[in-house]
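Peer 1:
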Amino acid sequence: MKTGINALLDIFITFFKIGSFTIGGGLAMIPLIERETVQNKGWIKEEEISDVISLCQSVPGVIAINISIFIGYRRAGLIGAFFAALGVILPSFLIIMLLSNILLKNYSNPYVQQIFAGAKVGVTALLAAVLIKLSRQIIKDAYSFTVAFCAFASVIVFGVHPFVVIGVGIILGIIYYNVFILGKVK
Numbered sequence: 126m127k128t129g130i131n132a133l134l135d136i137f138i139t140f141f142k143i144g145s146f147t148i149g150g151g152l153a154m155i156p157l158i159e160r161e162t163v164q165n166k167g168w169i170k171e172e173e174i175s176d177v178i179s180l181c182q183s184v185p186g187v188i189a190i191n192i193s194i195f196i197g198y199r200r201a202g203l204i205g206a207f208f209a210a211l212g213v214i215l216p217s218f219l220i221i222m223l224l225s226n227i228l229l230k231n232y233s234n235p236y237v238q239q240i241f242a243g244a245k246v247g248v249t250a251l252l253a254a255v256l257i258k259l260s261r262q263i264i265k266d267a268y269s270f271t272v273a274f275c276a277f278a279s280v281i282v283f284g285v286h287p288f289v290v291i292g293v294g295i296i297l298g299i300i301y302y303n304v305f306i307l308g309k310v311k
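Residue numbers (my numbering): 126 to 311.
1. Any chance the CB of residue 253 is under 8 Å from a heavy atom of the ligand PLP?
2. Give the DSSP-derived three-state secondary structure of residue 233 in the structure shown.
3. Indicate the three-state DSSP secondary structure (helix, strand or coil) for residue 259 in the structure shown.
4. What residues in its chain sit with their C-beta under 6 Å from that of residue 262, if we drop five residues either side in the sequence?
5. Roughly how many angstroms separate the alpha carbons of residue 167 and residue 289, rounded to a whole number?
6. Three or more C-beta pairs closer than 8 Å, one from the region 226-240 and one from the region 133-147: is that the case here?
7. May I have a chain-ordered list of the beta strand (DSSP E) segments no shorter than 3 residues that lie completely inside the region 246-308?
8. On a CA-only basis, which of 258, 224, 227 and 230 is nearest residue 153? Give me that one, please.
9. Along the alpha helix (DSSP H) that carries residue 139, what are the first and last residues, could you check?
Dropping the structure here:
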């Protein structure tokens, strides 16, 4: 664990950069978080990132902030978590403060509408990329495919609350692990 000023500054700058260059919120930040923290910095291992994302998605709050807090804490304890969260939140806060009046006053302007339309398409592509990458890491057999498909259908088709789906997924994971991986039933 590194807690020096240089380590804290590195955490802050890394997450500030992620927060500055991602349009679309928490889920859209995941590819940048992964590239910066796994590939560029080596703070998280490739095989761990899907677990970090799953854990941070299952707790209340914005996933990008949750991930930044998790990684910041892992790097430098509570102060690292604070600097990581501040880094990822501050750009959005500043941008919203600067642009809210301009955009709201000019929302009906066709150029502003085109900007929003283009941003939506870009965010959709980023979310699709996250879905594909995560599914490749997580769906490795018929069991994981079946659970993922049923979870997807439960939320999209039947409107089941994601919290319920996550809870059922946890229970199924415990049962599957104990019965099929460990070969025992408690």
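The beta-carbon is built from N, C-alpha and C at its ideal position, and this holds for glycine as well.
Peer 2: According to the structure shown:
1. As far as ligands go, the structure on display features none, and thus does not contain the ligand PLP.
2. The residue given as residue 233 occupies position 108 in the sequence shown. Residue 233 falls in the coil class under three-state DSSP.
3. Reading the sequence shown from its first residue, position 134 is the one you call residue 259. Here residue 259 sits in helix by DSSP.
4. Indexing the sequence shown from 1 puts residue 262 at position 137. The residues are 175.
5. Within the sequence shown, the letter at position 42 stands for residue 167. Within the sequence shown, the letter at position 164 stands for residue 289. Spanning the two alpha carbons is a distance of roughly 34 Å.
6. Of all C-beta pairs linking the region 226-240 to the region 133-147, fewer than three are shorter than 8 Å, placing the two stretches out of contact.
7. Counting only runs of 3 or more, we get nothing.
8. Residue mapping note: residue 153 aligns to position 28 of the sequence shown, counting from 1. For residue 153, the closest of 258, 224, 227 and 230 by C-alpha to C-alpha distance is 258.
9. What you label residue 139 is simply residue 14 of the sequence shown in a count that begins at 1. Note, residue 139: alpha helix (DSSP H), 130-145.
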